Amino acid sequence: GQRAGKFMLLVAWVGVLALLTMVFGGWEEKQVNPNQEPNSLRHSDGAIEVILLRNRQGHYVANGTINGVPVTFLLDTGATDVVVPDDIAQAAGLRRGAGARANTAAGIIKVWSTRISDLRLGDIHLQDLPATINPHMNGVGVLLGMSALRQVEFQQSGRELRLRQR
Numbered sequence: 131g132q133r134a135g136k137f138m139l140l141v142a143w144v145g146v147l148a149l150l151t152m153v154f155g156g157w158e159e160k161q162v163n164p165n166q167e168p169n170s171l172r173h174s175d176g177a178i179e180v181i182l183l184r185n186r187q188g189h190y191v192a193n194g195t196i197n198g199v200p201v202t203f204l205l206d207t208g209a210t211d212v213v214v215p216d217d218i219a220q221a222a223g224l225r226r227g228a229g230a231r232a233n234t235a236a237g238i239i240k241v242w243s244t245r246i247s248d249l250r251l252g253d254i255h256l257q258d259l260p261a262t263i264n265p266h267m268n269g270v271g272v273l274l275g276m277s278a279l280r281q282v283e284f285q286q287s288g289r290e291l292r293l294r295q296r
């Protein structure tokens, strides 16, 4: 009886620790990406609006898809194109086009041009976008650059960024 009681106490503690790990892991992920399921609004004029919240570091990070493959976007108005890590490009079926040199914070690197046939962020849907494949940023999210952002209106107010597609 006493052994069974100790065993049950151990199982209970392991369960509590597992539950706390799940709760705090989810909380931490929301601190990095508060837009795991971006909110979309449809207006009577046909416009679609996605409202993103800024994360603790002051960035706008949101989940979306490229060619149906789930990705995490980091909005970057300083990036000319959507910049996709090589591993995500392969998963999304993006083909390498012409090679080029890009001047990045890490120095001059070789990148490849490509086109994204389908990009989604909430209910915003963009097609046939110019993009760049960067083999040096594996394990990082996709930079949502101006090749996508110039196709939507965006307005920042406080901790929110509103993206609007007409």
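Just so we're aligned, residue 131 is where the sequence shown starts under our numbering, counting upward by one. Every residue gets a Cβ at the ideal spot worked out from N, C-alpha and C, and that includes glycine. All of these numbers come straight from a predicted model, not from anything done at the bench.
Check: How big is the Cα-Cα spacing for D313 and N264?
Finding: Outside the modelled stretch of the chain, which goes from 131 to 296, sits residue 313, for which no answer is possible.
Margin query: Using 8 Å as the threshold, is the C-beta distance between D353 and S174 below it?
Written below: Nothing about residue 353 can be reported from this structure: the residues present for the chain run from 131 to 296 only.
Checklist line | C-beta contact flag for I299 and Q295 at 8 Å | finding: Given that the chain is displayed from residue 131 to residue 296, the structure contains no residue 299 and the question cannot be resolved.
Notebook entry, point to check: P215: buried (16+ other C-beta within 10 angstroms of its C-beta) or exposed?
Noted result: buried
Next item on the list: At 4 residues or longer, and completely inside the segment 160–189: list those alpha helix (DSSP H) runs for me, N to C.
Entry: none
Margin query: So V272 and V212 are supposed to be a Cβ contact under 8 Å. How far apart are they, rounded?
Written below: 6 Å
Notebook entry, point to check: If you compare alpha carbons, which of L183, V191, Q281 is closest to L291?
Noted result: L183
Notebook entry, point to check: Taking the Cβ atom as the reference point for each residue, do V191 and A222 lie within a distance shorter than 8 Å?
Noted result: no
Margin query: Suppose you measure from the CA of F154 to the CA of Q166; what does that come to, to the nearest Å?
Written below: The pLDDT assigned to F154 is 49, lower than 50, so where the model puts this residue is not dependable; a value taken from the coordinates is nonetheless given after this. When rounded, the distance between both Cα atoms is 16 Å.
Note to self: According to DSSP, is A142 part of a helix, a strand, or is it coil?
What the structure shows: helix
Next item on the list: Confirm, please, whether the CB-CB distance from S243 to A232 is below 8 Å.
Entry: no
Margin query: With H, G and I counted as helix, E and B as strand and the rest as coil, what does DSSP make of A221?
Written below: helix
Check: Around the Cβ of G156, are there at least 16 other Cβ atoms within 10 angstroms (buried) or fewer (exposed)?
Finding: Because G156 sits at a pLDDT of 46, beneath the cut-off of 50, its placement in the model cannot be relied upon, and the following sentence gives the value as read from the coordinates. Looking at its Cβ environment, which holds fewer than 16 other Cβ atoms inside 10 Å, G156 is exposed.
Next item on the list: Under 6 Å Cβ to Cβ from D206, same chain only, skipping five residues before and after it: list those, please.
Entry: L273, G275
Margin query: Taking its Cβ as the centre, do 16 or more other Cβ atoms sit within 10 Å of A235, making it buried, or is it exposed?
Written below: exposed
Checklist line | Between the CA atoms of F203 and R245 - distance to the nearest angstrom | finding: 17 Å
Next item on the list: State yes or no: is the C-beta of L251 within less than 8 Å of the C-beta of V162?
Entry: no
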